[in-house]
Each structure stands twice: as C-alpha cells, then as structure tokens.
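**Q**
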Amino acid sequence: MSNTSPPVPGGSSADIFADDDRVHFSTETGTWRFEQEDGMEFEYDATKSQWVPVVSKPHSASHRSVIQSSFVFTQLDEDILRKQQAAYSVVGVDEETPAAPVLKRANKKRKEPEDYTSATPPSVPSTKRGKNEEAKQPRSKNTAVYVTNLPLDTEAEEIVERFGRFGVIEEDDQGQPKVKLYATEDGTFSGEALVVFFKEESVTLAINLLDEAELRVGEPSTVVRVQRAEFKHKHTGTENGQSQLRKTVDKKKATRRIGKMQKKLQEWDDEDGFGPAKTEEDDMNLPNRNSRVVVLKYMFTLKELDEDASLLLDLKEDVRDECSTLGEVTNVVLYDKEPEGIMTVKFRDPLGAQACVLKMNARFFAGRRIEASLYIGKQRFRRSSHGDGDDVEGDSDEAEKKRLDNFATWLMTEGD
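So for the sequence shown, our numbering puts the first residue at 3; every next one is plus one.
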C-alpha cells in the first residue's frame, strides 16, 4: 500500500473509489477511507474535495449527547455529595478513613497466615479468654513473718508456742508447723527464722505485738524483731534441716491439711485463748472477754509522783502513744492514790484491749514488771478529787483538774 493519497475524483467519488483497492466505505461514518502503510488513516471530505487525516473515531450525535448528559449529572452528584460532607463533618475526624468495622474486616483479610514451622511463640495472646484469665488471677497472699535477733539457743517449739498465740501456724503434709530456722555456714543457728501463718491477718497482729518484744517474757536480752517476709532476705546460711522444694502436690493431702487448719482456726479462740491465759476468775466473769478496758499495774510509785509533778502527764502520753499502735485509744487514766501504780487504757473495740494485754503483760518498765489484764467490771480504783469507787470506764479527764493545777504551780516555781 502506497503512502500517496488517492487522487481526488473529478466526477462521482463512488465510481472511482470503488475500483481502488486501497479505499473502503465506512458505514459508521458514511465516508470513504483509506489507510497508508505507516498506519495513518484518511477520510475523504466531499465538501472540501480532499482527504483529511482521521484523528479519532467519532461518536454519533446521539451517543455524544448521552455521554455529555451523564457527565453533567455526575458532576452535579459529586458537588451535592461534597456539600453534604462539609455540612455534617466533625472537627478532628478524617472523613476519608473507613469505619472501624470496615477496618477490622480489612485487617482480618490482610492478616498474615500463621507460620506453624516457626519455633518462636507469638508475643501477644490471640484470644480474649487468655486476657480475662490473666486479669482474674487473685493477688498472692503473704502469710509469713521474718524474725531476727533470736537467741542462739532458740528451738522451733519455742517459736511455735510464742507466735501461735497470734494466729494458727500453717502445717506441712506431715502435720509439722511451718517454722524454718536458718543456720550459718558452719551449721550453727543464725538467729533468724521464718514463721508461716494460715491466715494473712495473723501477720499484722504478730508484727504489732511481737516486734521489739521479748521472746521469753521477763528476759530483756531476748527482744526480737519481726517484719513481713519479703522472700529476698540475705540470710548468711542455709535452712536448719533437710527440707526441699516439692515438685508435685498431693491434692488429697493438701485438701485434708486445709480442712484440718480450718477446724483448728475455728477452735483457736476457745482453746488457745487469744489474749491472757484463762483463769478461774475469767470463767466466773465471762463478760470480761468483751471488755474494752485494760488495767496496768506497777506503772509508777506514789513517791515518784510526789517528786516529779511532770511524771503524770508524761506517763499518760507515753502509754497512749504505745497503745495506739494496737488500736484506737479513747481514754488513759492514772490513779495517783493507788500504791500499786495503776493505770487504765480504754480502747474503741475489745480486740485492741486484748492485743494490749498480750503486749504489755510481764514487760519491764523502770525496773518493775508490769501486770496487764482486762477490766472485769468490779474493781474500783482511787485518784485525786474522786475518792473511792472511781468510774473506770468513764471517758472524761476533767477529774484531774487539781493535778494539772499543781503541775502549773510547779512550772512557775521551778528553778527558784
């Protein structure tokens, strides 16, 4: 096929173009066309009597009208949509971001398949159940106390007897109390021990009552220190014994042990007698178990009060501060007419009073051994301006006005 355009017909174009193999009649446009070897296509324009290049395939008039109308409506729809988005838009929200459910489905589809050949475990739990189970795990309870400064001749039985008054001590599968004595490298006792209680509440009680108290009542050299066990103390030796960690737990034995401890806990208050040991007088005066008043004997002498007018207030303040560590104190009274040096301490609840008896009884104060007991409701003690039969359970200190006046006079005359 030649690149030269066919001649322009002088007469009828149909007669000439019909005999030319290079020309064909386009029924779509109703014109004659021919194509050169280089692919260029020409169309014969009868009005101009010449060949013109064909730029693109034209559409029919009706087709062009439909396309034009569709374009107009599309533009209108897009304009309306943009106006609506602007009217209902929210500040700070990207309208182009897909909704959360859409993103969730998209992420799920894009999730990489699990590699079952990898030895590396997944770092994030794959199920909600695992998270809930982790959140529901109960807080581990610490039921042990760490004891130091124990006498080097201390026996485990002695610790059990002393600490057993403040709670039930845990037992192992063999029924032995869980009390561990630590030894130095040469095998001698280091003066440190671990006591495990059955209930966590016993830890607080033991710390309040036995810390800086005598292991052997009446022997000041046996004062011990008690603190909550943190299982990170650096003791200098090993445990006194051959106890080893158990790799497995016998569920049947554990169940029987817990049942036994629960039963012992129920009987503990009756048998072990939380507070001072029961006497025949206690059996005759059962209401004293709920007494909120503690009677302290041998706290002072009458001679000491006469020689030092400030002793009265100082002693009351010291006793209040000491007893406040055991419970809320509502009143402290000093009976300056009693040769036995009697003071009373009233607590908000009976538990504080019982704890006070345990801590104060048989302690030494100013060289004298204190006697502490619960008020049974029948004793009457004397103090200034009250005469006989003072009301022990009263909460008012107004009766000591005269003593306070004497103290003020002493302050004015001191140094003269």
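Glycine included, each C-beta is placed from N, C-alpha and C at the ideal position.
Of all the CB atoms in chain B, is at least one closer than 8 angstroms to the CB of L328?
**A** You won't find chain B in this structure, because it holds only one protein chain.
**Q** By DSSP, does D338 sit in helix, in strand, or in coil?
**A** On the sequence shown, position 336 is the one that residue 338 refers to. In the structure shown, D338 sits in coil (DSSP, three-state: anything other than H, G, I, E or B).
**Q** Note down, in chain order, each residue of its chain lying with its Cβ closer than 8 angstroms to the Cβ of S293, except the 5 sequence neighbours on either side.
**A** Taking the first residue of the sequence shown as position 1, residue 293 is located at position 291. If we look at S293 and ignore the five residues flanking it on each side, its Cβ neighbours are P352, A355, L376, Y377, I378, G379.
**Q** From F383, A364, F44, pick the residue whose C-alpha is nearest to that of G220; which is it?
**A** By 1-based counting over the sequence shown, the position of residue 220 is 218. Selected option, being the one with the closest Cα: A364.
**Q** With a threshold of 16 other CB atoms inside 10 Å of the CB of A20, please say whether the residue is buried or exposed.
**A** Sequence index remark: in the sequence shown, residue 20 carries index 18 (1-based). Exposed, by the Cβ-count rule.
**Q** Is it buried or exposed, S204, if we count other Cβ atoms within 10 angstroms and call 16 or more buried?
**A** Locating residue 204 in the sequence shown gives position 202, counting from the first residue. Buried.
**Q** Expressed to the nearest angstrom, what Euclidean distance is found between the alpha-carbon atoms of A357 and L328?
**A** As a working note, residue 357 is residue 355 in the sequence shown. As a working note, residue 328 is residue 326 in the sequence shown. Looking at the two C-alpha atoms, the distance is approximately 6 angstroms.
**Q** For T224, collect the residues of the same chain with a Cβ closer than 7 angstroms to its Cβ; drop the 5 residues on either side in sequence, then sort them by chain order.
**A** Translated into positions along the sequence shown, residue 224 becomes position 222. Answer for T224: P153, E216, L217, R218, listed in chain order.
**Q** Quick one: any contact between the segment 197-214 and the segment 333-351, if contact means 3 or more CB pairs under 8 angstroms?
**A** These segments do not touch.
**Q** When the Cα atoms are used, what is the spatial distance from V335 to K318?
**A** Locating residue 335 in the sequence shown gives position 333, counting from the first residue. Locating residue 318 in the sequence shown gives position 316, counting from the first residue. So the two alpha carbons sit approximately 7 angstroms from each other.
**Q** Can you tell which of E187, F199, E160, F168 has its C-alpha closest to the C-alpha of D174?
**A** Taking the sequence shown and counting its residues from 1, one reaches residue 174 at position 172. Among E187, F199, E160, F168, the Cα nearest to that of D174 belongs to F199.
**Q** Is the beta carbon of A231 sitting closer than 8 angstroms to the one on F165?
**A** Locating residue 231 in the sequence shown gives position 229, where the first residue counts as 1. Locating residue 165 in the sequence shown gives position 163, where the first residue counts as 1. Cβ atoms of A231 and F165: not closer than 8 angstroms.
**Q** Considering only their Cβ atoms, is the gap separating L298 from M362 smaller than 8 angstroms?
**A** By one-based count along the sequence shown, residue 362 stands at place 360. By one-based count along the sequence shown, residue 298 stands at place 296. Yes, the Cβ-Cβ distance between M362 and L298 is below 8 angstroms.
**Q** I need the straight-line Cα distance from E296 to N333, nearest angstrom please.
**A** Residue 296 sits at position 294 when you count from the first residue of the sequence shown. Residue 333 sits at position 331 when you count from the first residue of the sequence shown. According to the sequence shown, residue 296 is Val rather than Glu. So the two alpha carbons sit approximately 11 angstroms from each other.
**Q** Only counting the same chain, and skipping five residues up and downstream in sequence, which positions put a Cβ closer than 8 angstroms to that of I171?
**A** The count along the sequence shown starts at 1 and reaches residue 171 at position 169. Excluding sequence neighbours, I171 sits near V162, F165, P179, K180, V181, V197, V198, F199, F200.
**Q** Between F44 and V54, how many whole angstroms is the CB-CB distance? I'm expecting something under 8 angstroms.
**A** The count along the sequence shown starts at 1 and reaches residue 44 at position 42. The count along the sequence shown starts at 1 and reaches residue 54 at position 52. The pair is a contact, with the Cβ atoms about 7 angstroms apart (cut-off 8 angstroms).
**Q** Should Q194 and T150 be called a contact, given that it needs their Cβ atoms to be closer than 8 angstroms?
**A** Taking the sequence shown and counting its residues from 1, one reaches residue 194 at position 192. Taking the sequence shown and counting its residues from 1, one reaches residue 150 at position 148. Per the sequence shown, the amino acid found at residue 194 is Glu instead of Gln. Taking 8 angstroms as the Cβ cut-off, E194 and T150 qualify as a contacting pair.
**Q** So who's on the other strand from A374, going by DSSP bridges?
**A** By one-based count along the sequence shown, residue 374 stands at place 372. DSSP output for A374 lists L298 as bridge partner(s).
**Q** How is the beta strand (DSSP E) around P55 delimited, first residue to last?
**A** Counted from its first residue, the sequence shown places residue 55 at position 53. Where P55 is concerned, the enclosing beta strand (DSSP E) stretches over 52-55.
**Q** Let me confirm a value: G343 is counted as buried when at least 16 other C-beta atoms fall within 10 Å, else exposed. Which label applies?
**A** Translated into the one-based positions of the sequence shown, residue 343 becomes position 341. The residue in question, G343, is buried, as its Cβ has 16 or more Cβ neighbours within 10 Å.
**Q** Please report the straight-line C-alpha distance between D2 and L211, rounded to a whole angstrom.
**A** Outside the displayed span of the chain (3 to 418) sits residue 2, for which this structure offers no information.
**Q** Give the C-beta separation of A158 and L183 to the nearest angstrom, bearing in mind that I take them to be a contact with Cβ-Cβ under 8 angstroms.
**A** The sequence position of residue 158 within the sequence shown is 156, counting from 1. The sequence position of residue 183 within the sequence shown is 181, counting from 1. Yes, they are in contact, since the Cβ atoms of A158 and L183 sit about 6 angstroms apart, within 8 angstroms.
**Q** Taking F366 and P222 to be in contact with their CB atoms under 8 angstroms, please state how far apart those CB atoms are, rounded to whole angstroms.
**A** Locating residue 366 in the sequence shown gives position 364, where the first residue counts as 1. Locating residue 222 in the sequence shown gives position 220, where the first residue counts as 1. With 8 angstroms as the limit, F366 and P222 qualify as a contact, their Cβ atoms being about 6 angstroms apart.
**Q** Could you check the C-alpha separation between E187 and Q176 for me, to the nearest Å?
**A** Taking the first residue of the sequence shown as position 1, residue 187 is located at position 185. Taking the first residue of the sequence shown as position 1, residue 176 is located at position 174. Taking the straight line from one Cα to the other gives about 27 angstroms.
**Q** Go through its chain and collect everything with a Cβ distance to S28's Cβ below 6 angstroms, but skip five positions before and after it.
**A** Residue 28 sits at position 26 when you count from the first residue of the sequence shown. Excluding residues within five positions, the ones whose Cβ falls inside 6 angstroms are R35.
**Q** For G354, report the span of its alpha helix (DSSP H) as first-last.
**A** Here residue 354 corresponds to residue number 352 of the sequence shown, with the count starting at 1. Per DSSP, G354 belongs to the alpha helix (DSSP H) from 352-362.
**Q** When DSSP labels each residue in this structure, what does S28 get in the three-state scheme?
**A** As a first step, residue 28 is located in the sequence shown; it is residue number 26 there, counting from the start. DSSP places S28 in strand when its eight states are reduced to three.
**Q** What residue range does the alpha helix (DSSP H) around D323 cover?
**A** Along the sequence shown, read from residue 1 onward, the residue named residue 323 stands at position 321. Unbroken alpha helix (DSSP H) run through D323: 313-325.
**Q** Jot down the residue ranges of each uninterrupted alpha helix (DSSP H) in the segment 202-232, minimum 4 residues, whole runs only, in chain order.
**A** Within the segment 202-232, the complete alpha helix (DSSP H) runs of at least 4 residues are 203-212.
**Q** Using the Cα positions of E160 and D213, report the straight-line distance between them to the nearest angstrom.
**A** Counting from one through the sequence shown, the residue named residue 160 turns up at place 158. Counting from one through the sequence shown, the residue named residue 213 turns up at place 211. Those two C-alpha atoms are separated by around 16 angstroms.
**Q** Roughly how many whole angstroms lie between the Cα atoms of N144 and V331?
**A** Residue numbering aside, residue 144 sits at position 142 when the sequence shown is read from its first letter. Residue numbering aside, residue 331 sits at position 329 when the sequence shown is read from its first letter. Using only the alpha carbons, I get a separation of about 28 angstroms.
**Q** With distances taken between CB atoms, is the gap from Y46 to T31 smaller than 8 angstroms?
**A** What you label residue 46 is simply residue 44 of the sequence shown in a count that begins at 1. What you label residue 31 is simply residue 29 of the sequence shown in a count that begins at 1. No, Cβ-Cβ distance for Y46 and T31 is not below 8 angstroms.
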